[in-house]
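Here is the structure we will look at, set down as structure tokens.
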């Protein structure tokens, strides 16, 4: 059994794991693969329809930032997901890596995960929005925020930026300098709609 699952079966809870990561406790390394983290954050939010709040533990690793998402069940804490951002890692990536925001449902947060990727002259932030359903994280929307440099026929270098916006409940807008794409929540999925 993987160390993470074994630890959870033995009753390790998110606050204890967060403390072990802060102190450099060997139990944290056995579970996460990270010996000690200088920046450990533990968030609680209502991600699903049952009463106990879920926990999201974010911590720095060796040239990466990681997060574990825990669902509280009658049997105890269970890992619903693990995420990592490591591509050309910079410490400032950790601040926007995980976001808890009510996008589609009042009183219930979605988990927004941002990971970095890119290529020549382009830096992209891949975004996925997840809902917790029956103990499983389900991606309900995927997209990119990116900055790219393009050479105009005149020889001038132009920087194009595309960003996600959340102008109203149930609406996500991906807006760029020359394009716009809006998605509206339709009960179980996002559907394309006119840009506001």
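Numbering (the numbering used here), first residue to last: 1210 to 1405. Ideal Cβ positions, reconstructed from N, Cα and C, are used throughout, including at glycine. Computed from a predicted model, the values in this text were never measured in an experiment.
State the Cα-Cα distance for the pair residue 1344 and residue 1289, rounded to the nearest angstrom.
-> 6 Å
Straight-line Cα distance separating residue 1352 from residue 1246 | 30 Å
Would you decide whether residue 1240 is buried or exposed? Buried here means 16 or more other CB atoms lie within 10 Å of its CB.
-> buried
Straight-line Cα distance separating residue 1226 from residue 1236 = 8 Å
Given a cut-off of 8 Å, decide if residue 1320 and residue 1336 are closer than it, judged by their beta-carbon atoms.
-> no
Secondary structure at residue 1386, three-state DSSP: helix, strand or coil?
-> coil
Where does residue 1229 sit, in a helix, a strand or coil, going by DSSP?
-> helix
Beta-carbon proximity of residue 1333 to residue 1302, cut-off 8 Å = no
Quick one: grab the DSSP three-state call for residue 1218.
-> The pLDDT assigned to residue 1218 is 45, lower than 50, so where the model puts this residue is not dependable; a value taken from the coordinates is nonetheless given after this. In the structure shown, residue 1218 sits in a helix (DSSP, three-state: H, G or I).
Alpha carbon to alpha carbon, how far is residue 1405 from residue 1284? Give it in angstroms, no decimals.
-> 45 Å
Thinking C-beta only, is residue 1346 closer than 8 Å to residue 1265?
-> no
Find the nearest neighbour of residue 1378 within the set 1318, 1282, 1317 and 1313, judged by alpha-carbon distance.
-> 1313
Sort 1363, 1322, 1399 and 1261 by Cα distance to residue 1286 and report the nearest one.
-> 1261
How many Å lie between residue 1383 and residue 1390 at the Cα?
-> 5 Å
Roughly how many angstroms separate the alpha carbons of residue 1366 and residue 1326, rounded to a whole number?
-> 21 Å
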